[in-house]
Amino acid sequence: MEAGGQRRGTQCWWLAISFSLMLSCVERVSAQIKYSVPEEVKVGSVVGNVAKDLGLDISSLEKRRFRIVSGAEDAQFEVNPNNGALYVHGNIDREELCERIHPCIKNLKLVAENPMEIHHVGVEIMDVNDNSPSFQEYEKILEMSESTITGRRFQLPTAHDPDVVTNTVRMYKLNHNDHFSLQIRERGEDKVPFLVLQKSLDREKESEHKLILTAIDGGNPPRSGTVNITVIVLDSNDNHPTFSQEVYYATVRENTDAGVFVIKLNATDLDEGLNGQIEYFFGGELKGNLYEIFNMDKDTGELRINGEIDFEKTDIFKLDIHATDKGQPPMSADCTVIINVLDVNDNKPEIEVTSLSKIVSEDSKPG
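Take the sequence shown: its letters are residues -31 to -1, 1 to 336, numbered as in mature numbering (1 follows the signal peptide of the UniProt record, and there is no 0).
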């Protein structure tokens, strides 16, 4: 009976001590501090002195085991327990860490023991212009009828640059020629180049036109990439399909069942017979997995769900749609479909638990 009472007393004392320690530690959880560092910075570079900025006693850091406990699994950052400096420990590639997410922030959690303190540090990875614009293909071939009217526009390939903000693609240039000019249109945040026919074509005089499209980013100094454009001049079919609008917008809920209708695209062609019959296809630089998510009816222009849509993975889809008639040679038009995904409550909250308990012997003396 006496032993049982002693155990219950020890347990109550242990709970009281644990609760007191938890209150003490909660009071020591700090507000987040932020630093910034450019990507590709030299390993060993100091980001900032965490201990100094937090007002910690530098002389006791090693004894208190001051360290990073989460957010540095890839060992890109380390903290020096002797002086409290946060430094770069591995190569930092912003594009690998965040792709096109801006700003790119690496969140770290640091702890010091005796007494336990938790501190949060955010490190923003600043973009540097370390990537050049590039095109998916080396050459783009366009077929144009010699009867094509001047002023007609043809969409050209867009360049990809994994850098962000000013370091991504800012402009396009076309080499000087007698028949074509370049027009740039903005679709959301993207710049889309179009080739505009300025002078009538004559296949008998010139059956091919060789052009070079250059994409230039906004870095200092700027970087660039090129793609060859070959225009083949042909005869016949003299009207091209025309979409009712350049950009279509639609909204779907995530987890929508396969087969559900999204939007119907409409293109018309003034020609008759096969020259006026239109088929619809996915076009542009469409990522491979989008073919698994959406299905396009080539005859009706109806876009339907074909696979899983997850808001947490992608909240917006941009699809390039290509409409072509059945003339010889065929003529085509392009439009963009922007699909916004609505979030549904399909994820449970995540709880992060940091253990602040200590093991105390049952016969330990008070204090």
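All C-beta atoms, glycine included, are put in the ideal place defined by N, C-alpha and C.
Please identify the residue among Ser39, Leu259, Phe149 and Gly296 whose C-alpha is closest to the C-alpha of valine 80.
The option with the nearest alpha carbon to valine 80 is Ser39.
Could you give the distance in angstroms between the alpha-carbon of proline 50 and the alpha-carbon of glutamate 8?
24 Å
Are the Cβ atoms of asparagine 98 and asparagine 136 separated by less than 7 Å?
yes
Identify which residue in Ala236, Leu170, Leu259 and Gly120 has its Cα closest to the Cα of lysine 267.
Ala236
For alanine 20, the first and last residue of its enclosing alpha helix (DSSP H)
19 to 23
Under the three-state reduction of DSSP, which class applies to glutamate 261: helix, strand or coil?
If DSSP states are grouped into helix, strand and coil, glutamate 261 belongs with the helices.
Could you check the C-alpha separation between valine 216 and isoleucine 290 for me, to the nearest Å?
10 Å
Is it true that the CB of alanine 219 sits closer than 7 Å to the CB of isoleucine 308?
The Cβ-Cβ distance between isoleucine 308 and alanine 219 falls below 7 Å.
Based on Cα-Cα distance, which residue from Phe251, Ser301 and Thr269 lies nearest to glycine 286?
According to the sequence shown, residue 286 is phenylalanine rather than glycine. Taking each of Phe251, Ser301 and Thr269 in turn and checking the Cα distance to phenylalanine 286, the smallest one comes out for Phe251.
What is the C-beta distance between leucine 151 and methionine 113, in whole angstroms, given that I count them as a contact (C-beta under 8 Å)?
In fact, because the Cβ distance is near 16 Å, the residues do not count as touching under 8 Å.
Validate contact between the region 231 to 247 and the region 291 to 299 using beta carbons, cut 8 Å, 3 pairs
yes
Nearest CA to the CA of tyrosine 107: which residue from Leu259, Val196 and Ile274?
Val196
Compare the beta carbon distance of glutamate 115 and valine 202 with 7 Å and say whether it is the shorter of the two.
yes
By the three-class DSSP mapping on this structure, what secondary structure does asparagine 244 have?
helix
Identify, in the order they occur along the chain, each residue of the same chain with its Cβ nearer than 8 Å to the Cβ of leucine 30, setting aside the five sequence neighbours on each side.
Ala20, Pro50, Asn51, Asn52, Gly53 and Ala81
Return the first residue and the last residue of the beta strand (DSSP E) that arginine 156 is part of.
149 to 156
Could you say which of His88, His129, Leu77 and Glu64 lies nearest to glutamate 158 if we only look at CA atoms?
His129
Simplified DSSP state of arginine 63, which is helix, strand or coil
helix
In chain order, what residues of the same chain lie with their CB nearer than 6 Å to the CB of lysine 75, ignoring the 5 residues before and after it?
Sequence-distant partners of lysine 75 (beyond 5 residues in either direction) whose C-beta falls short of 6 Å from its own C-beta, in its chain, are Val92.
Rounded Cβ spacing between phenylalanine 212 and cysteine 67 (contact assumed at less than 8 Å):
About 34 Å; that fails the 8 Å criterion.
Glutamine 297 - containing beta strand (DSSP E), residue span:
Note, glutamine 297: premise wrong, no beta strand (DSSP E); not H, not E.
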